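Engineer: Residues in the sequence shown are numbered consecutively from 1, following the UniProt record's numbering.
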Amino acid sequence: MASAVAARAKERFEALQAEGGRGDLDGGEDGRLKDFSDLELKPDHANRPLWACPDGSIFLEARSALYGPAYDFLVAIAEPVARPEHVHEYRLTPYSLYAAVSVDIAPASICDVLDKLSKVKLPARIRAYVMDCTKNFGRAKLVLRGNRHHVESSDAAALRTLLEHAGIRGARDASEDGDGEEFRAGEVAAELAANRAYLELAAELDGSDDEGAEDDGAAAPGATLRTYSFKLKVGTAQDVKKFAANDLDFPLAEEYDFRHDLDNAVLPVDLRPSTKIRSYQEKSLSKMFGNGRARSGIIVLPCGAGKTLTAIVAAATVKRSTLVLCTNATAVAQWKAQFALWTSLDPARISLFTAEVKEDLHPECGVLITTYHMVSFGGQRSLDGERLIEAVKAREWGLMLLDEVHVVPAQTFRRVLAVCNAHCKLGLTATLVREDDLITDLNFLIGPKLYEANWMDLTKNGHLANVQCVEVWCPMAGPFYREYLRHGGCGQVASGGDLGEGAPEEAKPRAGGDARCRRLLYVMNPNKFRACEYLVHYHEQRGDKVIVFSDDVFALLKYATALGRPAIYGATKEAERQAVLGSFRFNSLVNTICLSKVGDVAIDLPEANVIVQVSSHFGSRRQEAQRLGRILRAKPSADGDGFNAFFYTLVSTDTAEMFYSAKRQQYLVDQGYTFKVVTDLPEPATSALDTRAKELDLLNSVLCADYLKEEEAEEKALTKAAKDDLRAPPPAKRTQVSLAKISGGDAGVRYLDFGKGGAPQAKAKRHKLFKSRPGAKR
């Protein structure tokens, strides 16, 4: 289903882009720079906050008096592209329009409000595009009510269109038709408060009341809508959804009518009186529960902005059995602590399912917190694990919470959606990006994006730390750069140029240069090493808490040893990991820790306010944002420049690392962050590399490093926790051994073994006093 809908969405978007402008400007290599100089401004354009362009791009002035409501509207209907300080860019896509319609924003209202907020008249092409993308989406919904699926719509004609399909007609449970009516009729409170606000905003700009609001699908707040529905046969919901999307281009939005679910036990959970949620968290939840039902979808909030609390409020609203899926065991423990902190839920109703802890589900209703690996594992499990996973499969889960939902499109993780029977799914992430093309699959695996917060707005309001981002350029040391070039590095230089014919022979790349060795050479660059030492010592003297990040385990251990600081990586035992993290949080003598990529996500260190990144995973934008998120929690004070957190990324100049660094920063730049480049960082007062001999020793250790073994060990350790204790113990084997070996007496103590017939297997030498006695059978 996802592939067919995705293909149509891509065709519509590409068609709009192809027709959207008069041609590329000079330098527009990616085709995004269009000439819109022929657009005619409205007479009162200065009072309107945005530009709506023919290619689907929308530009919002951040300094406009109407920025706040205009931003809320654009987040609901468009995808953010870049949100720097002064002008934000958004783009209308089929998926963003699907998401808008799924929260009951009528297509005609989208066009009307866009036209009235825009400085130029809304292009006819945009209006046609919006209506084409949304002509069917949202007209009908797949509603789960009373453990039975219903197809519901406020337009009876939409249901008739669906029933023209033989497969859908055959899936209908005709026993529900009563009194000769074609469909069951009912009334449902309209979710119109937020949508009405958009129309009132447009009316204010227009200088008159919006008389056409109700015609566009927006009734007065508190009004009711008449709905029509028909029930489906048990087990046919997914087939109906597939038929509607693939054959009729009629995607069905999914909703869970949890308030009328009388078949599943109610979870006795309430928020503590001291629990308070912020305005943006309330907005995100209003998109999920706006019409009294629970919509499946995704909420995007920055790290440190309270994703966990938002999800817990959702669970306390649904009040049914809740399944929480995390990326690792550390996150599982943190989620349990958060449930205890924010809710009054009985601890006996919270169960954990990890490699080390396997707690039984509450017999009636409860919360299960586990990892993606534990649920999706397809091999042989231990007896406790097998029993527990069968209980998970058998239970009706009212709500599934998917932490770090961007991992779900991976083939390994998406299996959890087939294993668990969840009525509503809520995905949470700070970075809805992947370097592959699978991120759009989430629209159909989970649901549309319900809300995405603006990082800079949260920073200005004090909800996030004000971070100074710095890129430190570290020139390559001569011996290291020579080896870098000898291993094929000249083709990877940021300038992209060739060394030329005059280059010395030893500087030219070898055939099949070792990319892994080149990477280790620029990570272990002595100048980068000294820069890291200086930054760590400087910030420790200020009383800051510092995290040193390195993807490369060999480099991580070298840096940690030289700095004399603890390190956590894949092979670190869980007990040791928790001890180090606890010391970092509460011990004033432990102010710096070194982390590998295991610290990228799901580690809560609110005390940290400085990150020094010495090694990263190539050009991963997601990893850059996740690492910044480790220091984004609001801080109590700031320095003279207003910054209270610092993010340093150390880059070896004239290497491939410069290219990767620029690519990694793109996501953060789009969120409004700026990177300051520093080229003259002072030397540290004391250094582990204070002589040339030590530099050469370091170079020798790099060239002789068994880096493949280190890398394999890290990857193995990352998945070991998920696989340990899942498999059942090996079956017992029958082997024939001597009694001496079984008893441990085969070294110096001898026994006389007899075969089946009673005859000794080997004739033992007997003392002369007992030679006359015959051997007795045992």
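By construction, the Cβ of each residue, glycine as well, lies at the ideal position given by its N, Cα and C atoms.
This one's a predicted model, so the numbers in the text were calculated from it and none came from an experiment.
Thinking C-beta only, is Gln-626 closer than 9 Å to Thr-412?
Structural biologist: Locating residue 412 in the sequence shown gives position 412, where the first residue counts as 1. Locating residue 626 in the sequence shown gives position 626, where the first residue counts as 1. No; because the gap between Cβ atoms is not below 9 Å, this pair is not in contact.
Engineer: According to DSSP, simplified to helix, strand and coil, what is Ile-126?
Structural biologist: In the sequence shown, residue 126 corresponds to position 126, counting from 1. If DSSP states are grouped into helix, strand and coil, Ile-126 belongs with the helices.
Engineer: Using a 10 Å radius around the Cβ and a threshold of 16 neighbouring Cβ atoms, would you call Glu-364 buried or exposed?
Structural biologist: Residue mapping note: residue 364 aligns to position 364 of the sequence shown, counting from 1. So Glu-364 counts as exposed.
Engineer: For Gly-385, count neighbouring Cβ atoms within 10 angstroms of its own Cβ and tell me buried if that reaches 16, exposed if not.
Structural biologist: Along the sequence shown, one-based indexing puts residue 385 at 385. So Gly-385 counts as buried.
Engineer: Is Met-400 helix, strand or coil when you go by DSSP?
Structural biologist: The residue you call residue 400 lines up with position 400 of the sequence shown. Strand at Met-400.
Engineer: Looking at C-beta atoms only, is the number of pairs between the stretch 338 to 355 and the stretch 289 to 300 that lie closer than 8 Å three or more?
Structural biologist: Contact fails: fewer than three Cβ-Cβ distances are below 8 Å.
Engineer: Do you know how far the Cα of Gly-599 is from the Cα of Pro-731?
Structural biologist: Here residue 731 refers to the residue found at position 731 when the sequence shown is read from its first residue. Here residue 599 refers to the residue found at position 599 when the sequence shown is read from its first residue. Low confidence applies here, because Pro-731 scores a pLDDT of 45, under 50, leaving its location unreliable; read the following figure in that light. Rounded to the nearest angstrom, the two C-alpha atoms are 37 Å apart.
Engineer: By the DSSP assignment, the alpha helix (DSSP H) with Lys-141 in it spans what residues?
Structural biologist: Residue mapping note: residue 141 aligns to position 141 of the sequence shown, counting from 1. It is not in any alpha helix (DSSP H) - Lys-141 instead sits in the beta strand (DSSP E) that spans 141 to 145.
Engineer: Can you grab the Cα-Cα spacing for the pair Glu-624 / Ser-615, in whole Å?
Structural biologist: Residue 624 sits at position 624 when you count from the first residue of the sequence shown. Residue 615 sits at position 615 when you count from the first residue of the sequence shown. The alpha-carbon atoms of Glu-624 and Ser-615 are separated by roughly 11 Å.
Engineer: Between Val-677 and Trp-473, which are expected to be in contact by the criterion C-beta below 8 Å, what is the C-beta distance as a whole number of angstroms?
Structural biologist: On the sequence shown, residue 677 is found 677 positions in, with the first residue counted as 1. On the sequence shown, residue 473 is found 473 positions in, with the first residue counted as 1. Sure, about 6 Å apart at Cβ, within 8 Å.
Engineer: Spell out the partners DSSP gives Cys-469 in its beta bridges.
Structural biologist: Residue 469 sits at position 469 when you count from the first residue of the sequence shown. For Cys-469, which the question treats as bridged, DSSP gives the partners Phe-647 and Phe-675.
Engineer: Identify, in the order they occur along the chain, each residue of the same chain with its Cβ nearer than 6 Å to the Cβ of Ala-9, setting aside the five sequence neighbours on each side.
Structural biologist: Counted from its first residue, the sequence shown places residue 9 at position 9. Around Ala-9: Pro-94.
Engineer: Considering only residues of the same chain and omitting the five flanking positions on each side of His-45, which have a CB-CB separation below 6 Å?
Structural biologist: Numbered from its first residue, the sequence shown carries residue 45 at position 45. Here the set comprises Lys-119.
Engineer: For Pro-684, I'd like the list of residues in its chain whose CB is within less than 8 Å of its CB, leaving aside the five on either flank, ordered along the chain.
Structural biologist: One-based indexing of the sequence shown puts residue 684 at position 684. Arg-530, Glu-533, Tyr-534 and His-537, listed in sequence order.
Engineer: Does DSSP put Pro-526 in a helix, a strand or coil?
Structural biologist: By one-based count along the sequence shown, residue 526 stands at place 526. Three-state result, Pro-526: helix.
Engineer: Within the stretch 581 to 632, note down every full alpha helix (DSSP H) run reaching 4 residues or more, in order along the chain.
Structural biologist: Fully enclosed alpha helix (DSSP H) runs of 4 or longer: 621 to 628.
Engineer: Under the three-state reduction of DSSP, which class applies to Leu-426: helix, strand or coil?
Structural biologist: In the sequence shown, the residue the question calls residue 426 occupies position 426. Reduced to three states, the DSSP call for Leu-426 is strand.
Engineer: Assuming Ile-369 and Val-405 form a contact by the criterion Cβ under 8 Å, report the distance between their Cβ atoms to the nearest whole angstrom.
Structural biologist: Position 369 of the sequence shown, counted from the start, is the residue given in the question as residue 369. Position 405 of the sequence shown, counted from the start, is the residue given in the question as residue 405. So it is not a contact: roughly 16 Å between Cβ atoms.
Engineer: For the beta strand (DSSP E) that contains Glu-61, what are its first and last residues?
Structural biologist: Position 61 of the sequence shown, counting from 1, holds the residue named residue 61. Counting along the chain, the beta strand (DSSP E) containing Glu-61 begins and ends at 57 to 61.
Engineer: In the structure shown, what three-state DSSP assignment does Glu-533 receive?
Structural biologist: Residue mapping note: residue 533 aligns to position 533 of the sequence shown, counting from 1. If DSSP states are grouped into helix, strand and coil, Glu-533 belongs with the helices.
Engineer: Quick check on DSSP: helix, strand or coil for Glu-14?
Structural biologist: Here the question's residue 14 lines up with position 14 in the sequence shown. Glu-14 falls in the helix class under three-state DSSP.
Engineer: Could you tell me if Ala-355 is buried or exposed, where buried requires 16 or more neighbouring beta carbons within 10 angstroms of its beta carbon?
Structural biologist: Residue numbering aside, residue 355 sits at position 355 when the sequence shown is read from its first letter. Buried, because 16 or more other Cβ atoms sit within 10 Å of the Cβ of Ala-355.
Engineer: Starting from Val-546 and walking both ways along the beta strand (DSSP E), at which residues does that stretch end?
Structural biologist: Locating residue 546 in the sequence shown gives position 546, counting from the first residue. Counting along the chain, the beta strand (DSSP E) containing Val-546 begins and ends at 546 to 549.
Engineer: Can you tell me which of the three DSSP states Tyr-569 falls into?
Structural biologist: Taking the sequence shown and counting its residues from 1, the one referred to as residue 569 is at position 569. If DSSP states are grouped into helix, strand and coil, Tyr-569 belongs with coil.
Engineer: Please tell me whether Leu-703 and Glu-540 are closer than 9 Å, where the distance is taken between their beta carbons.
Structural biologist: In the sequence shown, the residue the question calls residue 703 occupies position 703. In the sequence shown, the residue the question calls residue 540 occupies position 540. No; because the gap between Cβ atoms is not below 9 Å, this pair is not in contact.
Engineer: Tell me the DSSP bridge mates of His-373?
Structural biologist: Locating residue 373 in the sequence shown gives position 373, counting from the first residue. Its beta-bridge partners do not exist; DSSP assigns none.
Engineer: Where does Ser-686 sit, in a helix, a strand or coil, going by DSSP?
Structural biologist: In the sequence shown, the residue the question calls residue 686 occupies position 686. First, the residue type needs correcting, since residue 686 is Thr and not Ser in the sequence shown. Coil, per DSSP.
Engineer: Might you give, ordered along the chain, the residues of its own chain that have their beta carbon closer than 8 Å to the beta carbon of Ala-265, omitting 5 neighbours on each side?
Structural biologist: Residue 265 sits at position 265 when you count from the first residue of the sequence shown. Closer than 8 Å at Cβ, skipping near neighbours: Arg-320, Ser-321, Glu-364 and Cys-365.
Engineer: Give, in chain order, every unbroken run of the alpha helix (DSSP H) that is at least 4 residues long and sits entirely within the stretch 83 to 118.
Structural biologist: Counting only runs of 4 or more, we get 94 to 102 and 107 to 117.
Engineer: Give, in chain order, every unbroken run of the beta strand (DSSP E) that is at least 3 residues long and sits entirely within the stretch 215 to 295.
Structural biologist: For the stretch 215 to 295, whole beta strand (DSSP E) runs of length 3 or above, ordered along the chain, are 224 to 231 and 253 to 256.
Engineer: Give the DSSP bridge partners of Val-419, in chain order.
Structural biologist: Residue mapping note: residue 419 aligns to position 419 of the sequence shown, counting from 1. Bridge partners of Val-419: none, in fact.
Engineer: Measure the C-alpha to C-alpha separation of Val-433 and Ser-37 and round it to an integer number of angstroms.
Structural biologist: Against the sequence shown, residue 433 aligns to sequence position 433. Against the sequence shown, residue 37 aligns to sequence position 37. Cα to Cα, Val-433 sits roughly 32 Å from Ser-37.
Engineer: Which stretch, first to last residue, makes up the alpha helix (DSSP H) that contains Val-120?
Structural biologist: On the sequence shown, residue 120 is found 120 positions in, with the first residue counted as 1. Element bounds for Val-120: n/a, residue is neither H nor E.
Engineer: Taking all protein chains shown into account, decide if Gly-629 is buried (16 or more other Cβ within 10 angstroms of its Cβ) or exposed.
Structural biologist: Residue numbering aside, residue 629 sits at position 629 when the sequence shown is read from its first letter. By the neighbour-count rule (16 or more Cβ atoms within 10 Å), Gly-629 is buried.
Engineer: Just to confirm before moving on: does the CB-CB distance between Ala-140 and Leu-252 stay below 9 Å?
Structural biologist: Locating residue 140 in the sequence shown gives position 140, where the first residue counts as 1. Locating residue 252 in the sequence shown gives position 252, where the first residue counts as 1. Their beta carbons are under 9 Å apart, which means Ala-140 touches Leu-252 by this criterion.
Engineer: Mind the definition here: the stretch 302 to 309 touches the stretch 462 to 481 only if three or more C-beta pairs lie below 8 Å; say whether that holds.
Structural biologist: Yes: at least three Cβ pairs fall under 8 Å.
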